[in-house]
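A.B. asks:
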Amino acid sequence: MHKYLKQFVHKSPWLYRINAGSCNGCDVELATTALIPRYDVERLGCKYCGSPRHADIVLISGPLTTRVKERVLRVYEEIPHPKVTVAVGICPISGGVFRDSYSIEGPMDRYIPIDVNVPGCPPRPQAIMEGILKACEIWKKQIMEVA
Amino acid sequence: MINDYIHAGIALLIFPGGLFALATGLLFKGMDRIAVARLQRRVGPPVLQPVFDIIKLSTKEILIPESANDAIFKLAPMMGLMGSLVCAALVPIAGVWKGIPGAGDIFVLLYLFSLPALAFMFGGSSSSSPFGAIGFSREMVIMFAYEIPLLATLLAVAVRADWSLSLDGIIAYQTANGPFLLDPVMIPAFLAYLLFIPGTMGAGLFDIPEAEEEVIEGPVLEYSGPLLALFNLMSAVKLMVVLSLGVALFFPLLLPGGIWVNLPFHLVKCLVLMLTAVSLFRASTGRLRIDQAFIFFLKYPSSLAYVSLLGAFLLR
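Line by line, the protein sequences give chains A and B.
Position one of the first sequence corresponds to residue 1 (my numbering), numbered consecutively onward.
Position one of the second sequence corresponds to residue 1 (my numbering), numbered consecutively onward.
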């Protein structure tokens, strides 16, 4: 791609949320406080997209329950490269309060490469934003290579 | 004759269609996003964010579902973009551009207007996704609903402008007799047009075919990379067409001075129209159900437009 245009490529990381059996706590944080509605990561060019095909940064919450595992992996496969994964909350990292439950298949990084971990139950909005910023940097490197 | 073709070619490719419409449309989209962010007390993205989105999308890979109809899936966004570009070339700008001579009265525009919506439908239905199919049916329903007030509004304006079916004639009539926005008979038609704009752009109450939370962006669900970028360009040009047409129909007021005064003035009028009919509307309303939106369009904008149409007939 043209050199002049290439410097703008990293300016629109679109966010996509996957709920892997979360209790909805982290999802509420994502949807209503942490990112666009209150603390405005839209200023970085981020935008929530509804379809996995439009996604650049994937936010996964929840401990990966047995029921949802196949679907999560399938949706993850549908996301075009390059993609960066952020695990939001303690559940995808270690299972959190659901750890050792009979219905949990996690931790998530057994199945999906996780780039950024944001622990917390739920994490503070500031922590989520820092995670997004780190993910943006990783994504920037990746997309610059592709472009 | 040859001159006419060159004229039309420039109109399609550079100004007021083509590059000009793309550039202003993307800029307006950016301003819309900033305006909505400010209304929600946020900072908002940079003005050029839609351009950055297009640049990024053009580097991403294209995924096509196995069960999709390949040819239609790829053709649909191109068809929509071309339709909206032709529309942009046909809408005159008061004091700047008279439209392609001998082409494009309001009925041609009415037909071409439906091309972007049709492109959404083809894209959604050819993607073989159930959400795309739902988006397709919703787009079709809402298109039938908003075309009725649009037709009535266009007719009312045409009748009021002494049966002039060409947009240039409508502008000439208003330059001589004062803009329709200040004409009490035409104010209901203007209100109907104000409601038509978010309807066709899918904003606020009428963000139904592409509802993210319900049908995960409906028709564009399966699109990725450059093809999605084409849809974004299409919607930017369509925004510009709808705004320009609104200005031409109701407020083609001229300032003394040449093109360089009137072109910025036209853009300012478009911007004001967009901030009220799209940004403010989008930031302050939620989404209707599709049946509610259908009934809404048949009740309020249609009756407003009919009032104007009747008034225009009676006061001739």
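All C-beta atoms, glycine included, are put in the ideal place defined by N, C-alpha and C.
Bear in mind the structure is a predicted one, so any value in this text is a computation, not a measurement.
1) Please confirm whether P150 (chain A) has its beta-carbon closer than 8 Å to some beta-carbon of chain B.
2) Do you know offhand how far A248 (chain B)'s Cα is from I128 (chain A)'s?
3) Closer than 8 Å between beta carbons: that is the criterion. Which residues of the stretch 58 to 72 of chain A meet it against chain B?
4) Assuming contact is defined by CB atoms lying nearer than 8 Å, are I21 (chain A) and V75 (chain A) in contact in what I supplied?
5) DSSP three-state call for N232 (chain B): helix, strand or coil?
6) Have a look at E130 (chain A) and K140 (chain A) and give me their C-alpha separation to the nearest angstrom.
7) How do the stretch 228 to 244 of chain B and the stretch 110 to 121 of chain B stand: do at least 3 beta-carbon pairs fall below 8 Å, yes or no?
8) Indicate the three-state DSSP secondary structure (helix, strand or coil) for V242 (chain B) in the structure shown.
9) Going straight from the alpha carbon of P50 (chain B) to that of D100 (chain A), what length do you get?
10) Assuming the contact rule is C-beta atoms closer than 8 Å, A68 (chain B) and S137 (chain B) should be a hit. Round their C-beta distance to whole Å, please.
11) For Y76 (chain A), name the three-state secondary structure that DSSP assigns.
12) If you run the structure through DSSP and keep just helix, strand and coil, what is P3 (chain B)?
13) So T285 (chain B) is in the alpha helix (DSSP H); what residue range does that whole segment cover?
14) What are the partner residues of Y16 (chain A), as DSSP defines its beta bridges?
15) For I143 (chain A), decide whether its Cβ has a neighbour in chain B, counting only Cβ atoms nearer than 8 Å.
16) Within 8 Å, do at least three Cβ pairs link the stretch 248 to 258 of chain B to the stretch 75 to 90 of chain B?
17) How would you call V43 (chain B), buried or exposed, if buried means at least 16 neighbouring beta carbons within 10 angstroms?
18) Only counting the same chain, and skipping five residues up and downstream in sequence, which positions put a Cβ closer than 6 Å to that of L221 (chain B)?
19) Please classify W163 (chain B): does DSSP put it in a helix, a strand, or coil?
20) Within the same chain, show all residues whose beta-carbon is closer than 7 Å to that of A135 (chain A), passing over the 5 residues directly before and after it, in chain order.
21) Run the CB neighbour count on V268 (chain B), radius 10 Å, all protein chains shown included, and call it buried at 16 or more, exposed below.
22) Skipping 5 residues on each side, what residues in its chain have a beta carbon closer than 8 Å to that of F28 (chain B)?
23) List the residues of chain A that K74 (chain B) touches, going by C-beta distances under 7 Å, in chain order.
24) Does any residue of chain B bring its CB to less than 8 Å from the CB of D40 (chain A)?
25) Would you mind giving the Cβ-Cβ distance between Y16 (chain A) and A55 (chain A), rounded to the nearest angstrom? I have them listed as a contact below 8 Å.
26) List, in order along the chain, the chain A residues whose C-beta lies closer than 7 Å to that of P45 (chain B)?
27) Excluding the five sequence neighbours on either side, which residues of its own chain have a C-beta within less than 8 Å of the C-beta of P179 (chain B), listed in chain order?
28) Just to confirm, are G95 (chain A) and P107 (chain A) a CB contact at a threshold of 8 Å?
29) Would you please verify whether the beta carbon of A37 (chain B) is less than 8 Å from any beta carbon of chain A?
30) Taking only beta-carbon atoms, is S12 (chain A) less than 8 Å away from chain B?
31) Using the beta-carbon count (16 or more within 10 Å), is M201 (chain B) buried or exposed?
32) So with Cβ pairs under 8 Å, would you call L15 (chain A) a contact of chain B?
33) Output yes if chain A places a C-beta closer than 8 Å to the C-beta of R42 (chain B); else output no.
34) Is any heavy atom of the ligand ADP found at a distance shorter than 7 Å from the C-beta of F296 (chain B)?
C.D. replies: Walking through what the data contain:
1) Because residue 150 (chain A) is not part of the residues shown, which for chain A are 1 to 147, the question remains open.
2) As a working note, residue 248 (chain B) is residue 248 in the second sequence. As a working note, residue 128 (chain A) is residue 128 in the first sequence. So the alpha carbons of these two residues sit roughly 48 Å apart.
3) Considering only beta carbons, no part of the stretch 58 to 72 of chain A lies closer than 8 Å to chain B.
4) If you number the first sequence from 1, residue 21 (chain A) lands on position 21. If you number the first sequence from 1, residue 75 (chain A) lands on position 75. One point to set straight first is that residue 21 (chain A) is Gly, not Ile, in the sequence displayed. In this structure, V75 (chain A) does not lie closer than 8 Å to G21 (chain A) by Cβ.
5) Stepping through the second sequence from its first residue, residue 232 (chain B) is reached at position 232. In the structure shown, N232 (chain B) sits in a helix (DSSP, three-state: H, G or I).
6) Along the first sequence, read from residue 1 onward, the residue named residue 130 (chain A) stands at position 130. Along the first sequence, read from residue 1 onward, the residue named residue 140 (chain A) stands at position 140. A straight-line Cα-Cα distance of about 15 Å links E130 (chain A) and K140 (chain A).
7) Contact between the stretch 228 to 244 of chain B and the stretch 110 to 121 of chain B is present, because at least three Cβ pairs lie under 8 Å.
8) Position 242 of the second sequence holds residue 242 (chain B). Here DSSP, grouped into helix, strand and coil, assigns V242 (chain B) to helix.
9) The residue you call residue 50 (chain B) lines up with position 50 of the second sequence. The residue you call residue 100 (chain A) lines up with position 100 of the first sequence. Roughly 46 Å between the two C-alpha positions.
10) Taking the second sequence and counting its residues from 1, the one referred to as residue 68 (chain B) is at position 68. Taking the second sequence and counting its residues from 1, the one referred to as residue 137 (chain B) is at position 137. Rounded to the nearest angstrom, the Cβ distance from A68 (chain B) to S137 (chain B) is 18 Å, too far for a contact under 8 Å.
11) Here residue 76 (chain A) corresponds to residue number 76 of the first sequence, with the count starting at 1. In the displayed model, Y76 (chain A) falls within a helix according to three-state DSSP.
12) For the purposes of this step, residue 3 (chain B) is taken as residue 3 along the second sequence, with counting starting at 1. Looking at the sequence shown, residue 3 (chain B) is not Pro but Asn. Here N3 (chain B) sits in helix by DSSP.
13) On the second sequence, position 285 is the one that residue 285 (chain B) refers to. Premise fails: T285 (chain B) is in no alpha helix (DSSP H) and is neither H nor E.
14) Residue numbering aside, residue 16 (chain A) sits at position 16 when the first sequence is read from its first letter. Beta bridge pairing from DSSP links Y16 (chain A) with A:V58.
15) Indexing the first sequence from 1 puts residue 143 (chain A) at position 143. Yes - at least one Cβ of chain B is within 8 Å of the one on I143 (chain A).
16) Too few Cβ pairs lie closer than 8 Å, so no.
17) The count along the second sequence starts at 1 and reaches residue 43 (chain B) at position 43. So V43 (chain B) ends up on the exposed side.
18) Working through the second sequence from its first residue, we reach residue 221 (chain B) at position 221. Once the five neighbours on either side are set aside, the close Cβ partners of L221 (chain B) are S129, F131, G132.
19) For the purposes of this step, residue 163 (chain B) is identified with residue 163 of the second sequence, where counting begins at 1. The answer is coil: DSSP assigns W163 (chain B) none of H, G, I, E or B.
20) Here residue 135 (chain A) refers to the residue found at position 135 when the first sequence is read from its first residue. If the five residues before and after A135 (chain A) are omitted, its C-beta is found closer than 7 Å to the C-beta atoms of I57, V84, V86, D115, V116, all from its own chain and listed in chain order.
21) Walking along the second sequence from the start, residue 268 (chain B) turns up at place 268. So V268 (chain B) ends up on the exposed side.
22) Translated into the one-based positions of the second sequence, residue 28 (chain B) becomes position 28. Excluding positions up to five away in sequence, the list reads A236, L239, M240, L243, C270, L271, M274.
23) Counting from 1 along the second sequence, the entry for residue 74 (chain B) is found at position 74. None at all; the shortest Cβ gap to chain A is about 15 Å.
24) Your numbering for residue 40 (chain A) matches position 40 in the first sequence. Between D40 (chain A) and chain B, the shortest Cβ-Cβ separation is below 8 Å.
25) Within the first sequence, the letter at position 16 stands for residue 16 (chain A). Within the first sequence, the letter at position 55 stands for residue 55 (chain A). The pair is a contact, with the Cβ atoms about 3 Å apart (cut-off 8 Å).
26) Position 45 of the second sequence, counted from the start, is the residue given in the question as residue 45 (chain B). Simply E42, R43, G45.
27) As a position in the second sequence, residue 179 (chain B) is number 179, starting the count at 1. Shown here for P179 (chain B): same chain residues with a beta carbon closer than 8 Å to its own, the five before and five after excluded, namely F250, F251, P252, L253 in chain order.
28) Taking the first sequence and counting its residues from 1, the one referred to as residue 95 (chain A) is at position 95. Taking the first sequence and counting its residues from 1, the one referred to as residue 107 (chain A) is at position 107. Yes; because the gap between Cβ atoms is below 8 Å, this pair is in contact.
29) Within the second sequence, residue 37 (chain B) is the residue found at index 37, counting from 1. Yes, because at least one Cβ of chain A sits closer than 8 Å to the Cβ of A37 (chain B).
30) For the purposes of this step, residue 12 (chain A) is taken as residue 12 along the first sequence, with counting starting at 1. Taking 8 Å as the CB threshold, S12 (chain A) lines the interface with chain B.
31) Translated into positions along the second sequence, residue 201 (chain B) becomes position 201. When all chains shown are included, M201 (chain B) counts as buried.
32) Residue 15 (chain A) sits at position 15 when you count from the first residue of the first sequence. Not one chain B Cβ lies under 8 Å of L15 (chain A).
33) Position 42 of the second sequence holds residue 42 (chain B). Taking Cβ atoms only, chain A reaches closer than 8 Å to R42 (chain B), which makes this a yes.
34) The ligand content of the structure shown is nil, which means the ligand ADP is not present either.
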